[in-house]
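My numbering puts the first sequence at residues -19 to 593.
Built from N, CA and C at the ideal position, the CB exists for glycine as well.
Scroll down for the structure; my scribbles are underneath it.
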Amino acid sequence: MCHPDPCHPEPVEGRHGVPCHPERSDRRERSRRTGSMADVIDDRRPSLPELRHTAAHVLAYAVQDLFPEAKPTIGPAIENGFYYDFDRESPFTPEDLERLERRMAEIVKADYPMTGRVVTRQEAIDAFAGNPYKVELARDIPDAEPITLYTIGEFTDLCRGGHADSTGAIRAFKLMSVAGAYWRGDEHNPMLQRIYGTAWHDRAELDAHLARLEEAQARDHRKLGAELDLFSIEEQAGGGLVFWHPKGAVIRGIIENFIREGLRERGYQPVVTPHVVSERLYEISGHLENFGENMFGPIEVEGQTFRLKPMNCPGHILIYESKLRSYRDLPIRYSEFGTVYRFERSGVLHGLTRVRGFTQDDAHLFCMPEQLQHEFEQTVEEARRLMDAFGFTDMQYVLSRRAEKDRTETDEIAEDAIRKALESNNLPYDVDEGGGAFYGPKLDINVHDAIGRSWQLGTVQVDFVLPARFGLKYRGSDSQDHRPVMIHRALAGSLERFFGILIEHYGGAFPAWLAPIQVVVTAISQDQNAYAREVTARLEGAGFRVTLDESNEKLGYKIRHWKTQKVPYILVTGKQEVVDGTVNVNQRGVDEKRNISVESFVEELRKTIEAKQ
RNA sequence: GCCGACGUAGCUCAACGGUAGAGCAAUCGCUUCGUAAGCGAUAGGUUAUCGGUUCAAAUCCGAUCGUCGGCUCCA
């Protein structure tokens, strides 16, 4: 892939703002005005965004009381909660949060009604004379929009609206954390002190939310990565650089083989390109200009300047243009597990999902425009095969179109191809207007994991720009030169990121076909060790990943140890099993134990693995 | 990069100006055990690094490195 977003997408869940709905706000006001029956029904409990937005006001009220010097700025509802940014010399401490929480509880208990009124721009500016942020906001409100002030108790805020009727509606809330945040998200602006909170209709919802956070924490791939000895990031080596330990590398190998198999079946040709190439290549491709700040710095050797490869496409293009291509050769599909290095600011590095070096399951297709649809269909099909195998059954497609003003004739061709590819496979999709890359439309593939979080994995992008920059061509049936279209595609995205998501999806309990250790064999006492060794040898002979535990521990200890390692099968061999020539199967997630012959077990596990379970 | 919190044994944590300690893991014994922690012993640390304050620093101060939570939500 050639552009930054496909490889490091943010989880779709997370920090998305929830817009306020002015039309649904101020029910009490309307109710008072009209006094009709309908308003009794309308007097339902507030929506979560309304509730949370109100909680943000309550927080600001509490801050005004306890820290009068702090200037409130903005405080919207967000997914799962709300935040409010304040301008204040010193940051809020955890103790401050506790005090604020207590004050907020009083404000909630007092059940202040939320009252709003429309004011003129000048009135608003005067009302917040000491607060340049609010003044700036008041100045920026478009003329067409009403300017409104909302009051609870002794606290009035400039606000568009969209609240609960009164503060008493907030039945369950909690302040979560403090963070620095730039005014309007721009690092050139002053840094504000942000307080994050969460708010819910009742205690049970809040508790459920906190439980979800705990569940997510228990699945955190950074924690599991260490506990299960899958990978590490080494301080001595530098941030954002991943060391795959043997157990992680087993899983990576399985992922790679799976992808490789699909690529081979669909006519991709594997290629391999260098990690360090002349900077000149990235001048031609435009990466230096457009992507330079995400590239590692120049490397000088014998007067020549080299760069670490941030993307694989220029390399694949060089292979394409290494000889004359005929229309009969197209489409040409080059694939590579291409390792790329990108500079990410230290503060944004995160486990396996945001790194500085990673390997993409990358491929570039060179084709004629009329071949686009077919190639898209193939790609989407392959993506489904991949997601399915790795347990992501809930997929979502997003077609990102270029903004209307930038759209060109070729974009229409490409979009049309993407739509037809999806529609002919009966795949529903969302459209993101204006979300396309600057060089063309793209299709993003998202999945939901086991606890409902959404992640963007694959992307397929159409590119008319790079072929032009490199002057790519093929000889058509008319003996004239024509320009091919390129498709960039990565389905898993980056293997590091994919692995991280996979760890969280399975909570580290990988199905047998992926598990680094599929079977542990252990005897009850040392007397049966010889038999356990024999069983181990037979399982290894069958091609399974087996570990023999001959340690001098009680069975309960060994079971506990391997259970915490989330091994799918523990085979216990005691006196009885030696006599019968069987093994006792302790299967992860299955309460009953069974005694079966070694042959039966081999057969069973073989089938399980073949079924990719 | 910026704001904040935090870096003590492999891991989880204690000691919060006065001799660095526990549990787990590891190693070695004893135990030979039937499905999530047997018993004992041993070893393990320039308290992230560098500098400062002090009679004395893991502890206070500063810098550096690293980790973690945030930093496109717009009244």
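1) For the structure I just gave you, are there three or more beta carbon pairs, one from the segment 78 to 86 and one from the segment 35 to 53, closer than 8 Å?
2) Please list the segments of the alpha helix (DSSP H) lying wholly inside the segment 59 to 92, counting only runs of 4 or more residues, in order along the chain.
3) Using alpha carbons as the reference points, say which of R244, E355 and F286 lies closest to E259.
4) If you check the beta carbons only, do D341 and A229 fall under 8 Å apart?
5) Taking C-alpha atoms, which residue in V360, F450 and K203 lies nearest to L407?
6) Restricting to runs no shorter than 4 residues, where is the alpha helix (DSSP H) found entirely within the segment 105 to 158?
7) Select from Q102, P254 and W493 the residue whose C-alpha is nearest the C-alpha of P126.
8) Taking only the alpha-carbon atoms, compute the straight-line gap between I398 and E350 and give it to the nearest angstrom.
9) Might you give, ordered along the chain, the residues of its own chain that have their beta carbon closer than 6 Å to the beta carbon of T527, omitting 5 neighbours on each side?
10) Helix or strand or just coil, what does DSSP make of K592?
11) Rounded to whole angstroms, what's the CA-CA distance from A149 to V552? Just pull it up for me.
12) With distances taken Cα to Cα, identify the nearest neighbour of H468 among N292, E384 and H330.
13) Counting along the chain, where does the alpha helix (DSSP H) carrying R365 start and finish?
14) When you compare each of A179, T390 and R449 to M348 by their alpha carbons, which one comes out closest?
15) According to DSSP, H462 sits in a beta bridge with which residue or residues?
16) Should I299 and Y314 be called a contact, given that it needs their Cβ atoms to be closer than 8 Å?
17) Among K203, S27 and A343, whose alpha-carbon lies nearest the alpha-carbon of A179?
18) Within its chain, find whatever has a CB closer than 7 Å to the CB of K227; leave out the 5 residues flanking it on each side and keep chain order.
19) Looking at the unbroken beta strand (DSSP E) that takes in I497, where does it start and where does it end?
20) Just how far apart, CA to CA, sit I21 and L39?
21) Where does S531 sit, in a helix, a strand or coil, going by DSSP?
22) Could you give the C-beta distance for A36 and A57, rounded to a whole number, given that I count them as a contact under 8 Å?
23) Between F338 and S474, how many whole angstroms is the CB-CB distance? I'm expecting something under 8 Å.
24) Please go through the same chain and pick out, in chain order, the residues whose beta-carbon is closer than 6 Å to the beta-carbon of T588, but skip the five residues on each side of it.
25) So if DSSP puts M171 in a beta bridge, which residue, or which two residues, is it bridged to?
26) I need the straight-line Cα distance from P29 to Y176, nearest angstrom please.
27) How should Q216 be labelled, buried or exposed, when 16 other C-beta atoms within 10 angstroms of its C-beta is the threshold for buried?
28) Using DSSP with H/G/I as helix, E/B as strand and the rest coil, what is R469?
29) Under 8 Å between the Cβ atoms of L494 and I234?
30) Mind checking whether G561 and S580 have CB atoms under 8 Å apart?
31) Tell me which same chain residues have a C-beta within less than 6 Å of the C-beta of P294, skipping the five on either side of it?
32) Mind checking which residues open and close the beta strand (DSSP E) that includes Q545?
33) Could you pull out every residue in the same chain whose Cβ sits closer than 6 Å to the Cβ of I121, ignoring the five residues on either side in sequence?
34) Taking the C-alpha atoms as reference points, what is the distance between A512 and G521?
35) What residues in its chain sit with their C-beta under 8 Å from that of I393, if we drop five residues either side in the sequence?
36) Confirm the yes/no value for this check: CB of K289, any heavy atom of the ligand HEM, distance under 7 Å.
Reading from the atomic positions:
1) yes
2) 74 to 90
3) F286
4) no
5) V360
6) 112 to 120
7) Q102
8) 12 Å
9) I497 and V500
10) coil
11) 57 Å
12) N292
13) L352 to A369
14) T390
15) Y454
16) yes
17) S27
18) L208, D209, L210 and P496
19) Element bounds for I497: n/a, residue is neither H nor E.
20) Interpretation of I21 is limited by its pLDDT of 38, a score under 50 that renders its predicted location unreliable; no figure is taken from the coordinates.
21) coil
22) 7 Å
23) 4 Å
24) A492
25) Y162
26) 14 Å
27) exposed
28) strand
29) yes
30) no
31) L261 and S265
32) Careful: Q545 lies outside any beta strand (DSSP E) and carries neither H nor E.
33) I127
34) 14 Å
35) P349 and L352
36) Of the ligands one can find in the structure shown there are none, so the ligand HEM has no counterpart to examine.
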